[in-house]
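K.L.:
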Amino acid sequence: MALGQSKFVEKLVFGIFRISAFINILALTLFLYFIVKNGISAISWEFLTSPPKDMMTKGGIFPCIVGTFILSFGALVVSMPFGIGTAIYLSEYANNEFLVRIIRLGVNNLAGVPSIVFGLFGLAFFATYLKFRVSILTGISTLGILILPVIISTAEEAISSVPSTFREASLALGATKWQTIKKVVLPAALPGILTGSILSLSRAAGETAAIMYTAAVFYSPHLPKSIFDPVMALPYHIYVLATAGTEIEKTRPLQYGSALVLVVLILLMNITAIYIRAKKQDKV
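Numbered per the working numbering, the sequence shown spans residues 51 to 334.
(1) Look up A238 in the DSSP assignment and say whether it is helix, strand or coil.
(2) Determine the direct distance from the alpha carbon of F58 to that of S129, and round the result to whole angstroms.
(3) Which one or two residues does DSSP pair with V22 in a beta bridge?
(4) Straight-line CA distance for I243 to M105?
(5) In the DSSP output, which residue or residues are listed as bridge partners for G169?
(6) Can you tell me whether DSSP reads G110 as helix, strand or coil?
(7) Distance, Cα to Cα, A239 vs K108?
(8) Would you check if there are 3 or more beta carbon pairs closer than 8 Å linking the stretch 132-150 to the stretch 197-210?
(9) Could you give the first and the last residue of the continuous alpha helix (DSSP H) run that contains K227?
(10) Using the C-alpha atoms, what's the distance from A92 back to I152?
(11) Whole beta strand (DSSP E) runs in the stretch 59-120 with 3 or more residues, listed along the chain?
(12) Among the residues of its own chain, which have a CB less than 8 Å from the CB of S220, if the five just before and after it don't count?
(13) Excluding the 5 residues flanking S247 on each side, which residues of the same chain have their C-beta closer than 7 Å to its C-beta?
(14) Ends of the alpha helix (DSSP H) at I298?
(15) If you reduce the DSSP assignment to three classes, tell me which class L304 lands in.
(16) When you compare each of E142, I190, P199 to P164 by their alpha carbons, which one comes out closest?
(17) Alpha carbon to alpha carbon, how far is S214 from M262? Give it in angstroms, no decimals.
(18) Could you tell me the alpha carbon to alpha carbon distance between Y286 and G224, rounded to whole angstroms?
(19) Does the separation of the CB atoms of T99 and F119 fall below 7 Å?
(20) Helix, strand or coil for L223? Go by DSSP, reduced to three states.
(21) Taking Cβ to Cβ, would you say V184 is nearer than 7 Å to A177?
(22) Compare the C-alpha of L284 against each of A265, I277, G162 and name the closest.
(23) Within 10 angstroms of the Cβ of S94, are there 16 or more other Cβ atoms? Answer buried if so, exposed if not.
(24) Is there a C-beta anywhere in chain C that falls below 7 Å from the one on F112?
(25) Considering only their Cβ atoms, is the gap separating A255 from S70 smaller than 7 Å?
(26) Buried or exposed for I197, going by 16 or more other Cβ atoms inside 10 Å?
(27) Considering only the beta carbon of each residue, do I277 and I186 sit closer than 7 Å?
(28) Can the beta-carbon of A323 be found less than 7 Å from the beta-carbon of L249?
(29) Can you tell which of L155, K227, F84 has the C-alpha that lies nearest to the C-alpha of Y143?
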């Protein structure tokens, strides 16, 4: 291919990339504008700090916010040890290439499973077989499995990106392999691991199908007292208000207000991930 043709192809490809990025930014901007425009009128201190009232046509979403945080952070606590442990094994210990391929294939397939399937699995296994019932424990266990592939993939990539010279220098000083991983590799990979974990946290916060059978309830005036109690959650609350409420038109502002709060929470989680990554990278 001639030099002129190569430059033309390069400009064409970069132009397509720019257009794609612009379309994505435009779609996000329109989406945020629509949600803010329709939901900002519902936002108030009472809306954020009080429970739903009058068949959920009035009041607030405080139990939903608390339930969303409990389920999201609980799922992260459940999945992080298994995810990081699997990533360490794949990056540092696994020698059997066939076994590694099988594990990665399983992780990739798990990442592609629809969330409704995770919900049905959680209902059948955790709620029914293990008798956890519809509860926080069932919900965080189900969400933990759902976000596990994200944590494994990001943690493995972060660990693999640590220069091999770090390991070689540590081993040359007499450290064992585990000491090298614990004291050298993991601290260096921490920004990537934390970023992936917080991104998986934001995904868990926005899931509806995975919790509608396992943890979330239509209405609960009180906060949960144990992990065996069900909770209200923002994604399921929005779904109920929009599809199954007795006064759907009356609750329209509450629907958009709840959606706006959920979007803001997820955006804050993503911004936190970027901030933590930047801070930790400066220290490494």
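From the three backbone atoms N, C-alpha and C, an ideal C-beta is built for every residue, glycine too.
P.N.:
In short:
(1) Your numbering for residue 238 matches position 188 in the sequence shown. When secondary structure is reduced to three states using DSSP, A238 falls in the helix class.
(2) For the purposes of this step, residue 129 is identified with residue 79 of the sequence shown, where counting begins at 1. For the purposes of this step, residue 58 is identified with residue 8 of the sequence shown, where counting begins at 1. Going by the C-alpha atoms only, they are around 47 Å apart.
(3) In the structure as shown, the chain starts at 51 and stops at 334, and residue 22 therefore has no counterpart that could be examined.
(4) Taking the first residue of the sequence shown as 1, we reach residue 243 at position 193. Taking the first residue of the sequence shown as 1, we reach residue 105 at position 55. When rounded, the separation of the alpha-carbon atoms in I243 and M105 is 43 Å.
(5) Residue numbering aside, residue 169 sits at position 119 when the sequence shown is read from its first letter. Looking at the DSSP assignment, G169 forms no beta bridge with any residue, so it has no partner.
(6) In the sequence shown, counting from the first residue as 1, residue 110 sits at position 60. In the three-state reduction of the DSSP assignment, G110 falls in the coil class, being assigned neither a helical nor a strand state.
(7) Locating residue 239 in the sequence shown gives position 189, where the first residue counts as 1. Locating residue 108 in the sequence shown gives position 58, where the first residue counts as 1. Cα to Cα, A239 sits roughly 47 Å from K108.
(8) Yes, since at least three Cβ pairs between the stretch 132-150 and the stretch 197-210 fall closer than 8 Å, the two stretches touch.
(9) Mapped onto the sequence shown, residue 227 falls at position 177. Per DSSP, K227 belongs to the alpha helix (DSSP H) from 227-230.
(10) Counting from 1 along the sequence shown, the entry for residue 152 is found at position 102. Counting from 1 along the sequence shown, the entry for residue 92 is found at position 42. The alpha-carbon atoms of I152 and A92 are separated by roughly 50 Å.
(11) If only complete runs of 3 or more residues are kept, the stretch 59-120 shows no beta strand (DSSP E) anywhere.
(12) Against the sequence shown, residue 220 aligns to sequence position 170. Excluding sequence neighbours, S220 sits near Q229, T230, K233, V234.
(13) For the purposes of this step, residue 247 is taken as residue 197 along the sequence shown, with counting starting at 1. Cβ within range, chain order: L126, M130, I201.
(14) Along the sequence shown, read from residue 1 onward, the residue named residue 298 stands at position 248. Per DSSP, I298 belongs to no alpha helix (DSSP H) and is neither H nor E.
(15) As a position in the sequence shown, residue 304 is number 254, starting the count at 1. If DSSP states are grouped into helix, strand and coil, L304 belongs with the helices.
(16) Locating residue 164 in the sequence shown gives position 114, where the first residue counts as 1. The shortest C-alpha separation from P164 is found at P199.
(17) Stepping through the sequence shown from its first residue, residue 262 is reached at position 212. Stepping through the sequence shown from its first residue, residue 214 is reached at position 164. Each residue's alpha carbon lies about 45 Å from the other.
(18) Indexing the sequence shown from 1 puts residue 286 at position 236. Indexing the sequence shown from 1 puts residue 224 at position 174. For the pair Y286 and G224, the Cα-to-Cα distance works out to about 54 Å.
(19) Position 49 of the sequence shown, counted from the first residue, corresponds to residue 99. Position 69 of the sequence shown, counted from the first residue, corresponds to residue 119. It is not a contact, given that the beta carbons lie outside the stated cut-off.
(20) As a working mapping, residue 223 is identified with position 173 in the sequence shown. When DSSP states are grouped into helix, strand and coil, L223 belongs to the coil group.
(21) Residue mapping note: residue 184 aligns to position 134 of the sequence shown, counting from 1. Residue mapping note: residue 177 aligns to position 127 of the sequence shown, counting from 1. V184 places its beta carbon less than 7 Å from that of A177.
(22) Stepping through the sequence shown from its first residue, residue 284 is reached at position 234. With distances taken between Cα atoms, L284 lies closest to A265.
(23) The sequence position of residue 94 within the sequence shown is 44, counting from 1. So S94 ends up on the exposed side.
(24) Included in the structure is just one protein chain, with no chain C present.
(25) Reading the sequence shown from its first residue, position 20 is the one you call residue 70. Reading the sequence shown from its first residue, position 205 is the one you call residue 255. Going by beta carbons, S70 and A255 fall outside the 7 Å limit.
(26) Here the question's residue 197 lines up with position 147 in the sequence shown. Answer is buried; the Cβ neighbour count reaches 16.
(27) The count along the sequence shown starts at 1 and reaches residue 277 at position 227. The count along the sequence shown starts at 1 and reaches residue 186 at position 136. If you check the CB distance, I277 and I186 come in under 7 Å.
(28) Residue mapping note: residue 323 aligns to position 273 of the sequence shown, counting from 1. Residue mapping note: residue 249 aligns to position 199 of the sequence shown, counting from 1. The beta carbons of A323 and L249 sit closer together than 7 Å.
(29) Looking up residue 143 in the sequence shown gives position 93. Ranking L155, K227, F84 by CA distance to the CA of Y143 puts K227 first.
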